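Asker:
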C-alpha cells in the first residue's frame with residue numbers, strides 16, 4: 001500500500017519534472033524571441049513564427065517591414081542555436097560523467113572543448129576548406145580535434161595510472177588544455193589585429209550573429225550524437241560500478257564506451273565549431289538535474305538536454321541585454337553563473353554527507 | 001561445468017598464473033585459497049572473462065568462454081568483485097536492479113513485473129530491503145557488500161564468482177551471508193567459486209578447495225587440503241595447525257607464529273595457597289592442560305588450579321556453577337582456572353615435587369576411598385555426578401603433544417590403580433580389590449617448554465616419571481586419609 005503510493009508518487013514526480021523542464025525551454029525560447037533592444041508585441045512574434053512554420057498567422061498582425069527579418073533571420077536562429085548548443089554540451093557532459101564515473105568530467109575539463117577549439121581556430125586561421133566537406137569543414141575538423149585530444153588525455157591517464165582514475169583524468173585534461181591554449185595563443189599572436197579580435201571573441205564563446213547557416217551546421221551532428229547517447233542510457237547506468245562490473249552485467253563494454261565517447265565528442269566538437277568554447281554548462285546542468293531526478297541516465301540525459309538548452313537561451317538573453325546595446329560573450333555569463341552554482345552544489349554535497 | 005586446462009595469464013605481458021588445470025562441478029562450492037599475490041583474483045578474472053588468457057582453455061558448460069557474448073555470459077554467471085565505488089546517488093534498489101540487465105531485452109529496457117519480484121526477493125534474502133531507497137554510497141562497507149551480493153543474485157546466475165565476499169562483514173553477517181548462499185545454492189544448483197582469505201570460514205562452507213602458491217595451483221581437493229599442515233605452511237609461509245571444530249565435522253586452522261614460543265625455565269615454580277575450603281595452585285604463565293575437572297575440562301591453557309572442599313552432604317545438582325561462584329568470591333579469574341571438588345579434608349593432601357629421570361614433576365593428590373570401586377565388576381550405577389574422591393593434578397616441565405597428553409592420563413591412571421592394589425583398597429560391594437573410586441578427577445598440565453615429546457606412556461621417560469610421582473602421592477594421600485578416619 002505504502003509502496004505503491006511511493007511508486008505512484010515517484011512516477012508523478014518524474015512526469016512533473018519533464019513537464020516543468022519542457023515548460024522552461026518553451027518559455028525561455030519565447031523570452032529570447034521577445035526580449036531585445038527592439039521589442040515587438042508577443043503576438044506579433046508568434047505570428048511570424050506561425051507563418052514561417054505552419055503557413056498561417058494566428059493573430060493576424062500586419063507584418064511590419066523589419067519584424068520578420070529580425071525575428072526570423074536573427075533572433076530565431078540565435079535562440080535555436082543557444083538551445084542546441086546548451087542541449088549538446090549538457091548531454092555530452094552527463095555522458096562523460098556517467099561513463100567516467102566522475103562528477104567533475106565535462107567537455108571542458110577533460111580537454112575535448114580545447115581540442116575542438118584548436119581544430120576550429122586552425123580552420124579559421126588558415127582559411128581551410130576540405131572540398132568534399134564544404135562548409136562542414138569547420139565542425140568536422142573541430143570534432144576531430146576534440147576527439148583526438150580526448151584520446152590523448154586517455155592515453156596519458158592510462159600511462160600514469162592503471163585505471164581511468166578520476167583525478168588523473170582531470171589533471172591530464174587540464175595539462176592538455178593548457179598546452180592547447182598556448183598553441184592557440186601562438187596562432188593569435190601570429191595573426192593580424194582584426195583576425196585576432198575575431199578569434200578571441202569567438203573563443204570566449206559566442207552565439208550572436210550566426211544565422212541559419214550555423215544551425216544547419218549543428219543539426220546533423222546533434223541528431224546523430226543525441227541518438228548515440230540516449231540509446232546508451234541503460235549502459236551508462238550499468239557503468240555505475242565500473243567497467244569490469246558493467247562487463248559482468250552483460251554490457252558490451254568496449255563497444256559501448258566507444259559509441260558514448262564518439263557521441264559526446266560529436267556534440268561537443270560541433271557545438272564548439274558554431275559557438276566557441278562555452279564552459280560550465282556541461283558540468284553544472286547534469287549535476288543539477290541529478291539532484292532533482294536522481295542518477296538514472298534514462299532521465300538524466302533527456303532532462304539535461306532540456307534544462308541545458310533553456311539555460312543557454314537564458315544566458316544568451318542576459319549576455320545581450322545586460323550591457324545593451326553591447327554584447328558580452330556568452331561564455332562569460334555561463335562561467336559567472338555556473339562557477340558559483342557549482343561551488344554551492346559541491347559544498348552542499350559535502351554538508352549532506354556530514 | 002567449468003573446465004580449465006593449461007591456463008596461463010596475467011597482466012601486460014607478464015604471466016602471473018602458470019599451467020592451471022581445474023574442474024569445477026555443477027552445484028559445488030569451490031574455494032580458492034592462498035596468500036596475497038598468489039594469483040587468486042587473477043584466476044577469478046580469467047574465469048569470468050574479464051581478463052584474456054595468454055594460453056590455455058576455459059570452458060563453461062563445454063564451450064570456450066570466448067564464444068559467449070557478454071550478455072549470454074551475464075545470463076549464466078554473476079560476479080561479486082572487491083571494489084564497490086559508486087560516484088552518483090544510485091539508490092540500493094537501483095543498484096540491485098542493475099542485476100536484471102542481462103534479462104531485459106530490446107532497446108528500451110523495460111522493468112518487468114518479474115524483474116521487480118526478483119529484485120525485492122534477493123533484497124530480502126540479503127537483508128538490505130530496509131535500505132532500498134537509501135543512496136548506495138551512504139551505506140557502511142558491510143551493507144554495501146550485501147547490496148552487491150543482492151545485485152549478483154538478481155542476475156539469477158548458474159555460476160556465482162565471489163572475490164572476498166565476507167570483506168567488511170562482521171561475524172554475524174559473514175555466517176548469515178554464507179548460510180544464505182548455501183541455501184540458495186542448494187535450491188538452484190548454483191555453482192559458487194569464491195576467494196576466501198579466512199581459512200576457517202572456507203572450511204565451514206566450501207566443498208572443495210584449490211590452494212594457489214606463486215601462480216600455481218599446488219593442490220586441489222576436499223577438506224584434506226586444509227588438514228595438510230605441510231602444504232599450508234609452504235603456501236602461507238607461517239606455521240598453521242589445524243584442530244577439529246568442537247561441534248561440526250570440520251577442521252579449523254590456527255596460526256602458530258614461531259617468535260611467540262618462549263622458554264621459561266622457572267615455569268614449574270608455583271604458589272600453593274591452602275585453607276579449609278580450597279587448595280589454590282597458581283602459575284605465573286599458563287600451562288597446557290588435559291582434564292576432566294568440573295570447570296576447565298578438555299584441552300586448555302590455564303594458570304590457576306583449584307581443589308575445593310565440600311561436605312559429604314553437598315547438594316551436587318549444579319557443581320560447575322558452584323565452583324564458578326566460589327572462584328568469583330575468591331577473586332580467582334574464571335577463564336584461567338581449573339576447578340575440582342572433593343569431600344576429603346584438604347589437610348590430608350599429598351604433594352610430591354621432585355625431578356624424576358630428568359623430568360621436573362609436581363603432583364598433588366587428595367584421596368578418600370569410601371567410594372572405592374572395582375571397575376571390572378557389576379555395580380548398581382552411580383549417580384550422574386558425585387564428589388570426586390581421588391583428585392590427581394600432575395604438573396610437568398615438559399612439552400607434550402596432544403597424543404602424549406592421553407598417554408600421560410593413561411600412565412597416571414595405571415599408577416593410581418597400582419597404588420590402590422598395594423594399599424589393598426577393596427570395593428565394599430564386591431569385596432575385590434578396587435581400581436579407583438566412583439568419580440575420580442585428573443588433570444595433566446605441562447609447561448610446553450623444550451622440544452615436543454610425542455610419547456608419555458609407561459615405557460617412556462616421561463611416563464615413568466608420571467607413574468612414580470603419582471604412585472607416591474596417591475599412596476601418601478591414602479595413608480593420610482586412613483590415619484584420620486582411623487582404620
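Chains as they are written, first to last, in UniProt numbering: chain A, 1 to 354; chain B, 1 to 487. Glycine residues also receive a C-beta, built at the ideal position from the N, C-alpha and C atoms. Note that this is a predicted model, so its numbers are computed, not measured.
Does residue 176 of chain B have its Cβ less than 7 Å from a Cβ in chain A?
Answerer: For the purposes of this step, residue 176 of chain B is identified with residue 176 of the second chain, where counting begins at 1. It does not; no Cβ of chain A falls within 7 Å.
Asker: Could you spell out the range, first to last residue, of the alpha helix (DSSP H) harbouring residue 202 of chain B?
Answerer: Taking the first residue of the second chain as 1, we reach residue 202 of chain B at position 202. Note, residue 202 of chain B: alpha helix (DSSP H), 199 to 205.
Asker: Does the contact criterion of 3 or more C-beta pairs under 8 Å hold for the region 50 to 59 of chain A versus the region 277 to 290 of chain A?
Answerer: At 8 Å Cβ cutoff, the stretches do not touch.
Asker: Tell me the rounded alpha-carbon separation between residue 230 of chain B and residue 210 of chain B.
Answerer: For the purposes of this step, residue 230 of chain B is taken as the residue at position 230 of the second chain. For the purposes of this step, residue 210 of chain B is taken as the residue at position 210 of the second chain. Taking the straight line joining both Cα atoms gives about 15 Å.
Asker: Relative to the C-alpha of residue 236 of chain B, which candidate in B/3, B/476, B/11, B/34 has its C-alpha closest?
Answerer: Counting from one through the second chain, the residue named residue 236 of chain B turns up at place 236. Considering only alpha carbons, the answer is B/34.
Asker: Ignore the nearest five residues each way along the sequence and tell me which others in residue 20 of chain B's own chain have a CB closer than 6 Å to its CB.
Answerer: Indexing the second chain from 1 puts residue 20 of chain B at position 20. Excluding residues within five positions, the ones whose Cβ falls inside 6 Å are 4, 7, 217.
Asker: Could you spell out where the beta strand (DSSP E) holding residue 391 of chain B opens and where it closes?
Answerer: Reading the second chain from its first residue, position 391 is the one you call residue 391 of chain B. Taken as a continuous stretch (DSSP letters only), the beta strand (DSSP E) holding residue 391 of chain B covers 390 to 396.
Asker: For residue 332 of chain B, does the three-state DSSP call read helix, strand or coil?
Answerer: Here residue 332 of chain B is taken as the residue at index 332 of the second chain, counted from 1. The answer is coil: DSSP assigns residue 332 of chain B none of H, G, I, E or B.
Asker: Quick check on residue 288 of chain A: does DSSP put it in helix, strand or coil?
Answerer: In the first chain, the residue the question calls residue 288 of chain A occupies position 288. Three-state result, residue 288 of chain A: helix.
Asker: Relative to the C-alpha of residue 272 of chain B, which residue among B/300, B/363, B/474, B/239 is closest?
Answerer: Within the second chain, residue 272 of chain B is the residue found at index 272, counting from 1. Comparing Cα positions, the closest option is B/363.
Asker: Assuming the contact rule is C-beta atoms closer than 8 Å, residue 340 of chain B and residue 282 of chain B should be a hit. Round their C-beta distance to whole Å, please.
Answerer: Position 340 of the second chain holds residue 340 of chain B. Position 282 of the second chain holds residue 282 of chain B. Between residue 282 of chain B and residue 340 of chain B the Cβ distance is about 15 Å, and since that is not below 8 Å, they are no contact.
Asker: Is there at least one Cβ from chain B nearer than 7 Å to residue 299 of chain A's Cβ?
Answerer: Taking the first residue of the first chain as position 1, residue 299 of chain A is located at position 299. No - not a single Cβ of chain B is within 7 Å of the one on residue 299 of chain A.
Asker: Between residue 107 of chain A and chain B, is the shortest Cβ-Cβ distance under 7 Å, so that the two count as touching?
Answerer: Here residue 107 of chain A is taken as the residue at index 107 of the first chain, counted from 1. Chain B contact via Cβ: absent.
Asker: Evaluate residue 47 of chain B with the Cβ neighbour count: other Cβ atoms within 10 Å of its Cβ, from every protein chain shown; 16 or more gives buried, anything less gives exposed.
Answerer: Along the second chain, read from residue 1 onward, the residue named residue 47 of chain B stands at position 47. It is buried - the Cβ of residue 47 of chain B has at least 16 other Cβ atoms within 10 Å.
Asker: Looking at chain A, which residues of the region 110 to 122 of chain B have a Cβ within less than 8 Å of any of its Cβ atoms?
Answerer: Answer in chain order: no residues at all.
Asker: Which residues in the same chain have their Cβ closer than 8 Å to the Cβ of residue 457 of chain B, if we skip the five residues on either side of it in sequence?
Answerer: The residue given as residue 457 of chain B occupies position 457 in the second chain. These residues qualify, in order along the chain: 407, 410, 411, 463.
Asker: If you run the structure through DSSP and keep just helix, strand and coil, what is residue 216 of chain B?
Answerer: As a first step, residue 216 of chain B is located in the second chain; it is residue number 216 there, counting from the start. Strand.
Asker: Quick one: what does DSSP say residue 446 of chain B is sitting in, helix, strand or coil?
Answerer: Within the second chain, the letter at position 446 stands for residue 446 of chain B. Strand.
Asker: With 16 other CB atoms within 10 Å as the buried threshold, where does residue 373 of chain B fall?
Answerer: For the purposes of this step, residue 373 of chain B is identified with residue 373 of the second chain, where counting begins at 1. Looking at its Cβ environment, which holds 16 or more other Cβ atoms inside 10 Å, residue 373 of chain B is buried.
Asker: Can you give the Cα-Cα distance for residue 159 of chain B and residue 70 of chain B, rounded to whole angstroms?
Answerer: By 1-based counting over the second chain, the position of residue 159 of chain B is 159. By 1-based counting over the second chain, the position of residue 70 of chain B is 70. If I take the Cα positions, the gap works out to 15 Å.
Asker: Can the beta-carbon of residue 332 of chain B be found less than 7 Å from the beta-carbon of residue 307 of chain B?
Answerer: As a working mapping, residue 332 of chain B is identified with position 332 in the second chain. As a working mapping, residue 307 of chain B is identified with position 307 in the second chain. Their beta carbons are not under 7 Å apart, which means residue 332 of chain B does not touch residue 307 of chain B by this criterion.
Asker: Do residue 30 of chain B and residue 188 of chain B have their CB atoms nearer than 7 Å?
Answerer: One-based indexing of the second chain puts residue 30 of chain B at position 30. One-based indexing of the second chain puts residue 188 of chain B at position 188. Not a contact, by the Cβ cut-off of 7 Å.
Asker: Enumerate in chain order the residues of its own chain whose CB-to-CB distance from residue 238 of chain B is below 6 Å, with the five nearest sequence positions on each side excluded.
Answerer: Counting from one through the second chain, the residue named residue 238 of chain B turns up at place 238. Contacts found: 255.
Asker: If I'm right that residue 90 of chain B touches residue 240 of chain A with Cβ under 8 Å, what's the distance once you round it to whole angstroms?
Answerer: Indexing the second chain from 1 puts residue 90 of chain B at position 90. Indexing the first chain from 1 puts residue 240 of chain A at position 240. Rounded, the Cβ-Cβ distance is 5 Å, consistent with contact.
Asker: Give a yes or no on whether the C-beta atoms belonging to residue 91 of chain A and residue 321 of chain A are separated by under 7 Å.
Answerer: Along the first chain, read from residue 1 onward, the residue named residue 91 of chain A stands at position 91. Along the first chain, read from residue 1 onward, the residue named residue 321 of chain A stands at position 321. Contact: no.
Asker: Could you check whether the Cβ of residue 89 of chain B sits closer than 7 Å to any Cβ belonging to chain A?
Answerer: On the second chain, position 89 is the one that residue 89 of chain B refers to. Taking Cβ atoms only, chain A reaches closer than 7 Å to residue 89 of chain B, which makes this a yes.
Asker: Looking only at C-alpha atoms, which of B/165, B/75, B/64, B/181 sits nearest to residue 523 of chain B?
Answerer: A question about residue 523 of chain B goes unanswered here, because the residues of chain B that appear run from 1 up to 487.
Asker: Kindly indicate which residue of A/148, A/149, A/172 has the alpha-carbon position closest to the one of residue 159 of chain A.
Answerer: Start at 1 with the first residue of the first chain, and residue 159 of chain A comes out as number 159. When each option's Cα is compared against that of residue 159 of chain A, the closest is A/172.
Asker: Can you tell me where the alpha helix (DSSP H) with residue 307 of chain B in it begins and where it stops?
Answerer: Numbered from 1 along the second chain, position 307 holds the residue referred to as residue 307 of chain B. Looking at the DSSP string, residue 307 of chain B is not in any alpha helix (DSSP H); the run it does join, the beta strand (DSSP E), is 298 to 309.
Asker: Taking the beta carbon of residue 404 of chain B as the centre, do at least 16 other beta carbons fall within 10 Å, making it buried, or is it exposed?
Answerer: Numbered from its first residue, the second chain carries residue 404 of chain B at position 404. Residue 404 of chain B comes out buried.
Asker: Residues of the region 87 to 103 of chain A with a CB closer than 7 Å to any CB of chain B: list them in chain order, please.
Answerer: Under the 7 Å Cβ criterion, the region 87 to 103 of chain A contributes 101, 102, 103.
Asker: Mind checking the region 231 to 263 of chain A against chain B and listing, in chain order, the residues whose C-beta falls within less than 8 Å of any C-beta there?
Answerer: Listed by position along the chain: 231, 234, 237, 238, 240, 241, 242, 244, 245, 247, 248, 249, 250, 251, 252, 253.
Asker: Tell me, please, whether the CB atom of residue 295 of chain A is closer than 7 Å to any CB atom in chain B?
Answerer: The residue you call residue 295 of chain A lines up with position 295 of the first chain. True, the Cβ-Cβ gap to chain B drops below 7 Å.
Asker: So which residues on chain B does residue 290 of chain A lean against when the C-beta distance must stay under 8 Å?
Answerer: Within the first chain, the letter at position 290 stands for residue 290 of chain A. Near residue 290 of chain A (Cβ distances below 8 Å), the residues of chain B are 88, 89.
Asker: So, for residue 419 of chain B: in the same chain, excluding its five sequence neighbours on each side, which residues have a beta-carbon less than 6 Å away from its beta-carbon?
Answerer: Taking the second chain and counting its residues from 1, one reaches residue 419 of chain B at position 419. Closer than 6 Å at the Cβ level, and outside the excluded window around residue 419 of chain B, lie 471, 474, 475.
Asker: Taking its Cβ as the centre, do 16 or more other Cβ atoms sit within 10 Å of residue 227 of chain A, making it buried, or is it exposed?
Answerer: In the first chain, counting from the first residue as 1, residue 227 of chain A sits at position 227. Residue 227 of chain A comes out exposed.
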